[in-house]
Amino acid sequence: MNEDRLNFYDFFAGGGMARIGLGARWRCLFANEWCEKKSKAYRLNHGPSPELLVEDVAKLTTSNLRGNPVLSWASFPCQDLSLAGLGRGLNGKRSGTFWPFWHLMKTLDEEGRGIPVIVLENVVGALTSNRGLDFLVLFDTLTSSGYRVGPMVIDAVHFVPQSRQRLFIVAVKSYWRISSVLTRSTPLDLWHPKPIRKAYETLPHGLRKFWIWWNMPSPPPGRLALASVIEKNPEGVRWHTSAETQRLLSLMSDANLRKVNKVQKFNEPVIGAVYKRTRRNEQGRVQRAEVRFDQVSGCLRTPVGGSSRQILLFVNGKEIRSRLLSPREGARLMGLPDDFKLPRNYNEAYHLVGDGLVVPVVSWLEQHLLYHLATRSLLLKAA
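Below you can see the structure in the form of structure tokens.
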């Protein structure tokens, strides 16, 4: 075992994707997940995992948290902060689990075991939930506990063929020296798009002094295309019947059908990604199927709460076939290696990956920001 590894806690751990993304330079001292099914997948991929405690975060105490890690990662539930969250925000049953997590962080502080670096991950809707009040509360909570705070939005499309924007808030204790190489004086469009800049501008001036514009390089071009993750002989899914495919096409608007007709003229195999969505028209709310052929999948979503599962459309001239995205294809869209073990049940596997972290995104954060924050390895360059 490499004793020089950096230690971290992993809250709301799911299948352990943060652990995979952080990589071999890190050791998980404690992981928490309340879902037995996700915890089973965690152990399936990470061994017996004595560090994993399957329990409601609200029932934990700091006696459960051993050691003095340099990092705490928390991908707390997003349901109440998303567009479908009905305004519940941080007061909601699911996203409100942030508060017992934060109580643990504050108690560690009081015990002299405050954690220098904290990463919060959630949907971009956390920036605007309750007209921005939830983000203001989050920011104020962090700064009131002695942290400087750097939010970023990272779209997984720069790393995998999936359009998936997520908010990453990297907070660092004020006493923790930060190399100037890691920060900027102005936002960077790639990591600080309009929602981030607007969140900054709406902060009271007294809080803006705690804001950090993190500096990371752009990922290299040449990400994989959707076709590269498709299985030739998919497991766990069946091909739709001709009638089912025609039903799918019938749900498309004229604009989406024109997309299909356009790629039919290529007379070569083309793969599209389809989601069923509810749209409003003159007759009220109707179900629609929307397709994209840009070699990028839509954002994976968990198949609960009315969300649809992603469908693949295979077009080759006049031949059109369709089927659900397979669990392994979903895992590949999250950047998981093919030896990552998935639950046998389709919905459990889809839920596990759809509710997880895109591994290459975590790795990019680790390589270009978190490792250097944890080790303060760039201080000489900043001198």
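Heads up: the sequence shown is residues 974 to 1356, going by this note's numbering. Quick reminder that beta carbons are idealized off the backbone N, C-alpha and C, glycines included.
For the beta strand (DSSP E) containing residue i, name the first residue and the last one.
i: N1229; result: Run containing N1229: none in the beta strand (DSSP E); it sits in the alpha helix (DSSP H), 1227–1237.
i: P1124; result: 1120–1128
i: W999; result: 999–1006
i: T1251; result: 1243–1254
i: L1285; result: 1284–1289
If we count the other Cβ atoms within 10 Å of its Cβ and call it buried at 16 or more, is residue i buried or exposed?
i: I1169; result: buried
i: W1178; result: It should be noted that the sequence gives His, not Trp, for residue 1178. With fewer than 16 other Cβ atoms within 10 Å, it is exposed.
i: V1288; result: buried
i: L1325; result: buried
i: V1259; result: exposed
i: D1107; result: buried
Contact check, residue i vs residue j under 8 Å by CB: the rounded distance?
i: R1296; j: W1212; result: 5 Å
i: K1079; j: S1118; result: 6 Å
i: G1329; j: G988; result: 6 Å
i: Y1248; j: Q1283; result: 6 Å
i: L1343; j: V1090; result: 7 Å
i: L1025; j: A1004; result: 5 Å
i: A1031; j: E1006; result: Wrong, their Cβ atoms sit about 14 Å apart, outside the cutoff.
From which residue to which residue does the alpha helix (DSSP H) around residue i run?
i: K1167; result: 1167–1174
i: E1292; result: It is not in any alpha helix (DSSP H) - E1292 instead sits in the beta strand (DSSP E) that spans 1292–1297.
i: V1332; result: 1332–1338
i: A1347; result: 1344–1348
i: E1371; result: Outside the displayed span of the chain (974 to 1356) sits residue 1371, for which this structure offers no information.
Does the separation of the CB atoms of residue i and residue j fall below 7 Å?
i: R1121; j: F1183; result: yes
i: E1263; j: R1250; result: yes
i: W999; j: R978; result: yes
i: E1174; j: F1141; result: no
i: N1206; j: R1157; result: no
i: E1204; j: R1301; result: yes
i: R1261; j: R1252; result: yes
Once you ignore the five residues that flank residue i on each side, which residues in its own chain have a CB closer than 8 Å to its CB?
i: V1335; result: M990, A991, I993, G994, L995
i: P1166; result: V1126
i: E1339; result: G994, L995, G996, R998, W999
i: V1130; result: S1136, R1137, R1196, V1269
i: W1337; result: I1127, F1132, M1189, P1192
i: W1186; result: G1123, T1156, R1157, S1158, T1159, P1160, L1161, H1165
Identify, in the order they occur along the chain, each residue of the same chain with its Cβ nearer than 7 Å to the Cβ of residue i, setting aside the five sequence neighbours on each side.
i: V1332; result: M990, I993, G994, M1307, G1308, L1309
i: D1082; result: S1118
i: Q1268; result: P1134, A1198, L1199, A1200
i: E1255; result: none
i: K1232; result: V1264, F1266
Output needed for residue i: all residues of its chain with C-beta closer than 6 Å, excluding positions within five of it in sequence on either side, in chain order.
i: L1176; result: none
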